[in-house]
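Engineer: For the sequence shown, my numbering gives the first residue as 1209, with consecutive numbering after it.
We put the beta carbon where it would ideally sit given N, CA and C, even for glycine.
None of these values were measured; they are calculated from a predicted model.
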Amino acid sequence: MATAIISLLMPATSQAKNNKIKALIVSGQNNHNWQVSHKAIKMILENSGLFECDITLTAPARGDMSKFTPDFSAYDVVVLDYNGDRWPKQTDDAFLKYVQNGGGLVIYHAADNAFAQWEEFQRIIALGGWEGRNEKSGPYYYLVDGKPFLDNSPGPGGSHGWQREYPMNCRNSKHPITKGLPDGWRHAQDEMYDRMRGPANIKDLLYSGTTDPKTGGSGREEPLVFTVDYGKARIFHLMLGHAGPTLEKNPAMQCVGFQTLLLRGSEWAATGKVKQAVPKDFPTAEKCSLRLDYKAPAK
Ligand code: ZN
1209 MATAIISLLM PATSQAKNNK IKALIVSGQN NHNWQVSHKA IKMILENSGL
1259 FECDITLTAP ARGDMSKFTP DFSAYDVVVL DYNGDRWPKQ TDDAFLKYVQ
1309 NGGGLVIYHA ADNAFAQWEE FQRIIALGGW EGRNEKSGPY YYLVDGKPFL
1359 DNSPGPGGSH GWQREYPMNC RNSKHPITKG LPDGWRHAQD EMYDRMRGPA
1409 NIKDLLYSGT TDPKTGGSGR EEPLVFTVDY GKARIFHLML GHAGPTLEKN
1459 PAMQCVGFQT LLLRGSEWAA TGKVKQAVPK DFPTAEKCSL RLDYKAPAK
């Protein structure tokens, strides 16, 4: 009897136990350096003190994927750092159920290259690139005079110019993820995805970037950070963060702006709110700011 009472009083989840948001980072295959990126994501999230992360890695490319069956429903937010082979059907189904039941999801960088043949996944990411995407995938989405423009012209989906530092343009300063952040700030050296295509069911466009044909870009004002309109789900799509060769040489992810968006977007995806203060070392319009060790500054 005493045992029964104790178990009734025990918190049901570990979130209740330590008040942290439970995050699952999915990685294991990518055309990028996922060995660096998934570790950087875990450090950024956990060093904030707000998240407790598990990592789940798939089988390697062309490996036996049948044992990749994570329990998405045990988490407040799932962070996709994955671009590789299809998952088993039961995992696809569990993922869709998690998202469609109002789950929190973060699409990070090349996760929007993944699963070009999985139709429902395109609606979850809203825009994707590469892997054979073209006009059949949906329109190009970019801004003309600050307003969204859908362009159905034929052509491949997904490209980027040379890596460089670039200004981030805030397109919605009222969203919980962006509220309080400066309207413009300088992102550290990174790729800027452009010419992405898809169903384009963007809910709130948060940041755009101006590409430059002189550095190989589309020449358009491109969406870079947004939320996705997908039923009850809270989906945060963050195109930034091309991983470097090592954790030490990884400016796109060492950027305080990137880290802040990952943290605020993950909290919003998990809870619908953002309680984090704007960090004091946030980049300005003129100057990038890096946290080389991925540690949030002491409060
Ligand atoms: Zn990249």
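What does the Cβ neighbour count give for ARG1294, buried or exposed, with the cut at 16 atoms within 10 Å?
Structural biologist: Position 86 of the sequence shown, counting from 1, holds the residue named residue 1294. The residue is exposed, with fewer than 16 neighbouring Cβ atoms inside 10 Å.
Engineer: Is it the case that the region 1313-1327 contacts the region 1256-1264, given that we only count it when at least three CB pairs across the two stretches are under 8 Å?
Structural biologist: Between the region 1256-1264 and the region 1313-1327 there are fewer than three inter-stretch CB-CB distances shorter than 8 Å, so the stretches are not counted as touching.
Engineer: Measure how close the beta-carbons of TYR1290 and SER1345 come, nearest whole angstrom, since I'm counting them as under 8 Å.
Structural biologist: The sequence position of residue 1290 within the sequence shown is 82, counting from 1. The sequence position of residue 1345 within the sequence shown is 137, counting from 1. Not really, about 19 Å apart at Cβ, beyond 8 Å.
Engineer: Return yes when the Cβ of VAL1287 is within less than 8 Å of the Cβ of ILE1233, no when it is not.
Structural biologist: Residue 1233 sits at position 25 when you count from the first residue of the sequence shown. Residue 1287 sits at position 79 when you count from the first residue of the sequence shown. The answer is yes: Cβ separation under 8 Å.
Engineer: Counting by C-beta, which residues lie closer than 6 Å to a heavy atom of the ligand ZN, in chain order?
Structural biologist: HIS1240, HIS1317, ALA1318, GLU1399, HIS1450
Engineer: Would THR1419 pass as a contact of ARG1372 if the rule is Cβ separation under 8 Å?
Structural biologist: Mapped onto the sequence shown, residue 1419 falls at position 211. Mapped onto the sequence shown, residue 1372 falls at position 164. For THR1419 and ARG1372, no; Cβs fall outside 8 Å.
Engineer: Please name the residue or residues paired with PRO1431 in a DSSP beta bridge.
Structural biologist: On the sequence shown, residue 1431 is found 223 positions in, with the first residue counted as 1. DSSP lists SER1416 as partners of PRO1431.
Engineer: Which of the three DSSP states, helix, strand or coil, is assigned to MET1509?
Structural biologist: Because residue 1509 is not part of the residues shown, which for the chain are 1209 to 1507, the question remains open.
Engineer: I'd like the list of long-range same chain contacts for TRP1338, defined as Cβ closer than 6 Å, with 5 residues on each side in sequence excluded.
Structural biologist: Locating residue 1338 in the sequence shown gives position 130, counting from the first residue. Here the set comprises ASN1321, GLY1366.
Engineer: Where does LEU1498 fall in DSSP's three states?
Structural biologist: The residue labelled residue 1498 in the question sits at position 290 within the sequence shown. Assignment of LEU1498 by DSSP, reduced to helix, strand and coil, places it in the strand class.
Engineer: Restricting to Cα atoms, I'd like to know which of GLU1254, ASN1241, PHE1259 is closest to THR1479.
Structural biologist: Taking the first residue of the sequence shown as position 1, residue 1479 is located at position 271. The residue with the shortest Cα to Cα distance from THR1479 is PHE1259.
Engineer: I need the DSSP call for LEU1411, collapsed to helix, strand or coil.
Structural biologist: Against the sequence shown, residue 1411 aligns to sequence position 203. As written in the sequence, residue 1411 is Lys, which differs from the Leu given in the question. Here LYS1411 sits in strand by DSSP.
Engineer: For PHE1444 and ILE1333, what's the separation of their Cα atoms in angstroms?
Structural biologist: Taking the first residue of the sequence shown as 1, we reach residue 1444 at position 236. Taking the first residue of the sequence shown as 1, we reach residue 1333 at position 125. Cα-Cα distance, rounded: 9 Å.
Engineer: Could you give the DSSP three-state label for THR1264: helix, strand or coil?
Structural biologist: Taking the first residue of the sequence shown as 1, we reach residue 1264 at position 56. Three-state result, THR1264: strand.
Engineer: At least one CB of chain B closer than 8 Å to the CB of ARG1372: is that the case?
Structural biologist: The chain inventory of the structure shown lacks chain B, comprising one protein chain alone.
Engineer: Of all the options GLY1427, LEU1500, MET1273, VAL1482, which has the alpha carbon lying nearest to the alpha carbon of ASP1489?
Structural biologist: Start at 1 with the first residue of the sequence shown, and residue 1489 comes out as number 281. Of GLY1427, LEU1500, MET1273, VAL1482, the residue nearest in Cα terms is LEU1500.
Engineer: Would you check if there are 3 or more beta carbon pairs closer than 8 Å linking the region 1380-1391 to the region 1460-1474?
Structural biologist: They touch, by the three-pair rule.
Engineer: With H, G and I counted as helix, E and B as strand and the rest as coil, what does DSSP make of PRO1369?
Structural biologist: Position 161 of the sequence shown holds residue 1369. The residue you asked about is not Pro; residue 1369 is Gly in the sequence shown. Three-state DSSP puts GLY1369 in coil, outside helix and strand.
Engineer: Please list the segments of the beta strand (DSSP E) lying wholly inside the region 1327-1373, counting only runs of 3 or more residues, in order along the chain.
Structural biologist: 1348-1352, 1355-1359
Engineer: With 16 other CB atoms within 10 Å as the buried threshold, where does LYS1503 fall?
Structural biologist: Reading the sequence shown from its first residue, position 295 is the one you call residue 1503. Result: exposed.
Engineer: Excluding the 5 residues preceding and the 5 following ASP1437 in the sequence, name in chain order all residues of the same chain whose CB lies nearer than 8 Å to its CB.
Structural biologist: Translated into positions along the sequence shown, residue 1437 becomes position 229. If we look at ASP1437 and ignore the five residues flanking it on each side, its Cβ neighbours are ALA1334, ASN1409, ILE1410, LYS1411.
Engineer: So what does DSSP say about ALA1460, is it helix, strand or coil?
Structural biologist: Against the sequence shown, residue 1460 aligns to sequence position 252. In the three-state scheme derived from DSSP, where H, G and I count as helix and E and B as strand, ALA1460 is classed as helix.
Engineer: Once the 5 residues before and after PRO1421 are set aside, which same chain residues still bring their CB inside 7 Å of it?
Structural biologist: The residue given as residue 1421 occupies position 213 in the sequence shown. Cβ within range, chain order: GLY1427.
Engineer: Could you tell me the alpha carbon to alpha carbon distance between ASN1255 and GLN1467, rounded to whole angstroms?
Structural biologist: To locate residue 1255, count along the sequence shown from 1; it is residue 47. To locate residue 1467, count along the sequence shown from 1; it is residue 259. Taking the straight line joining both Cα atoms gives about 11 Å.
Engineer: Could you tell me the alpha carbon to alpha carbon distance between GLU1494 and ASP1353, rounded to whole angstroms?
Structural biologist: Sequence index remark: in the sequence shown, residue 1494 carries index 286 (1-based). Sequence index remark: in the sequence shown, residue 1353 carries index 145 (1-based). Computed Cα separation, rounded: 23 Å.
Engineer: Going by other Cβ atoms of all chains shown within 10 Å of its Cβ, with 16 needed for buried, is ASP1402 buried or exposed?
Structural biologist: Along the sequence shown, read from residue 1 onward, the residue named residue 1402 stands at position 194. Buried, because 16 or more other Cβ atoms sit within 10 Å of the Cβ of ASP1402.
Engineer: Quick check on this structure: which residue in VAL1464, GLU1456, ARG1331 has the alpha carbon closest to the alpha carbon of VAL1486?
Structural biologist: Here residue 1486 refers to the residue found at position 278 of the sequence shown. Comparing Cα positions, the closest option is VAL1464.
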